[in-house]
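Here's the structure we're looking at; comments come further down.
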Amino acid sequence: MLLPIFPLLAVSVWLLLRGVPGPVAWGARAAANGYATFYTVTDVLAGIGADELTRRAGEQGVPEGTVQVDTLFSVGNELGTIGVWCFAVACAATALALVVQIGRRALPGAMVLLVGAVLFTGGFHIYWPNGVVNMLVLAVGFGLLGATPARSAPRGSQVGE
């Protein structure tokens with residue numbers, strides 16, 4: 221069951237932004253939280269809820285595709301769309317905050333992360349093979365940003381000055 225996996229993408233945003241101040245970074249954190257919340261609700265409604273209703277309907281001899289199941293999928297998809305766009309905003313704001321904080325060295329990771337975020341909004345995050353490719357693109361973007369060293373202090377300055 222992948223229910224806890226997808227919302228954990230938001231943790232990557234929070235980890236990358238450790239110690240990064242400013243409204244853009246906090247906007248990214250808030251959007252990541254929105255993604256985790258809305259996407260989890262989507263998984264609960266369209267995944268767990270619809271599956272349980274389908275199972276119970278089958279036990280009672282009711283054909284699949286009931287109005288209730290369709291309603292759960294519809295509401296779940298609407299909330300999932302909000303979550304997906306929250307994730308895209310979180311990725312874009314993270315990329316911007318880190319480029320501002322670190323400089324041009326963060327651009328490769330930022331660009332890869334943005335490509336992954338755009339693919340994510342297109343629905344390429346779930347099913348094989350597109351979903352796997354999308355997750356790999358996001359992982360590379362997050363990894364490159366995480367591996368990019370922070371700006372060094374100007375010569376002659378002490379840390380903490």
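In this text, residue positions in the sequence shown follow my numbering: the first is 221, and each later residue adds one.
Yeah, the Cβ is synthetic: ideal placement off N, Cα and C, and Gly gets one too.
(request) Please name the residue in 296, 294, 278, 330 whose C-alpha comes closest to that of residue 309. (result) Within the sequence shown, residue 309 is the residue found at index 89, counting from 1. When only C-alpha atoms are compared, the closest one is 330.
(request) Assign residue 266 to buried or exposed, taking buried as 16 or more other Cβ atoms, counted over all protein chains shown, within 10 Å of its Cβ. (result) Taking the first residue of the sequence shown as position 1, residue 266 is located at position 46. It is buried - the Cβ of residue 266 has at least 16 other Cβ atoms within 10 Å.
(request) For the alpha helix (DSSP H) holding residue 308, just list the boundary residues, first then last. (result) By one-based count along the sequence shown, residue 308 stands at place 88. Taken as a continuous stretch (DSSP letters only), the alpha helix (DSSP H) holding residue 308 covers 287-322.
(request) Quick one: using the 10 Å Cβ neighbour count with 16 as the cut-off for buried, is residue 227 buried or exposed? (result) Residue numbering aside, residue 227 sits at position 7 when the sequence shown is read from its first letter. Under the 10 Å beta carbon count, residue 227 is surrounded by 16 or more other beta carbons and is classified as buried.
(message) Can you look up residue 238 in the DSSP assignment and give me helix, strand or coil?
(response) Locating residue 238 in the sequence shown gives position 18, counting from the first residue. Looking at residue 238 - three-state DSSP - the assignment turns out to be coil, as it is neither helix nor strand.
(request) Would you give the residue range spanned by the alpha helix (DSSP H) that residue 271 belongs to? (result) Taking the sequence shown and counting its residues from 1, one reaches residue 271 at position 51. Residues 270-279.
(message) Using the Cβ count rule (16 or more neighbours within 10 Å means buried), how would you classify residue 366?
(response) Here the question's residue 366 lines up with position 146 in the sequence shown. The residue is exposed, with fewer than 16 neighbouring Cβ atoms inside 10 Å.
(request) Pair every Cβ in the region 313-324 with every Cβ in the region 262-276, then say whether three or more of these pairs are closer than 8 Å. (result) no
(request) Just mark residue 370 as buried or exposed, buried being the case when its beta carbon has 16 or more other beta carbons within 10 Å. (result) As a first step, residue 370 is located in the sequence shown; it is residue number 150 there, counting from the start. Result: exposed.
(request) Could you tell me the distance, in whole angstroms, from the CA atom of residue 261 to the CA atom of residue 342? (result) Translated into the one-based positions of the sequence shown, residue 261 becomes position 41. Translated into the one-based positions of the sequence shown, residue 342 becomes position 122. Roughly 19 Å between the two C-alpha positions.
(request) Determine the contact status of residue 362 and residue 351, defining contact as a CB-CB distance below 8 Å. (result) Along the sequence shown, one-based indexing puts residue 362 at 142. Along the sequence shown, one-based indexing puts residue 351 at 131. Going by C-beta atoms, residue 362 is not nearer than 8 Å to residue 351.
(request) Work out the CA separation of residue 354 and residue 380 for me, nearest whole Å. (result) Here residue 380 corresponds to residue number 160 of the sequence shown, with the count starting at 1. Here residue 354 corresponds to residue number 134 of the sequence shown, with the count starting at 1. Bear in mind that the predicted position of residue 380 carries a pLDDT of just 41, short of 50, making it too unreliable to give a figure here.
(request) Check whether the Cβ atoms of residue 258 and residue 323 lie closer than 8 Å to each other. (result) Locating residue 258 in the sequence shown gives position 38, where the first residue counts as 1. Locating residue 323 in the sequence shown gives position 103, where the first residue counts as 1. Cβ atoms of residue 258 and residue 323: not closer than 8 Å.
(request) Taking residue 339 as the reference, give the member of 307, 321, 328 with the closest Cα. (result) Counted from its first residue, the sequence shown places residue 339 at position 119. Among 307, 321, 328, the Cα nearest to that of residue 339 is on 307.
(request) To the nearest angstrom, report how far apart residue 243 and residue 236 are at their CA atoms. (result) Here residue 243 is taken as the residue at index 23 of the sequence shown, counted from 1. Here residue 236 is taken as the residue at index 16 of the sequence shown, counted from 1. In a straight line, the C-alpha of residue 243 is about 15 Å away from that of residue 236.
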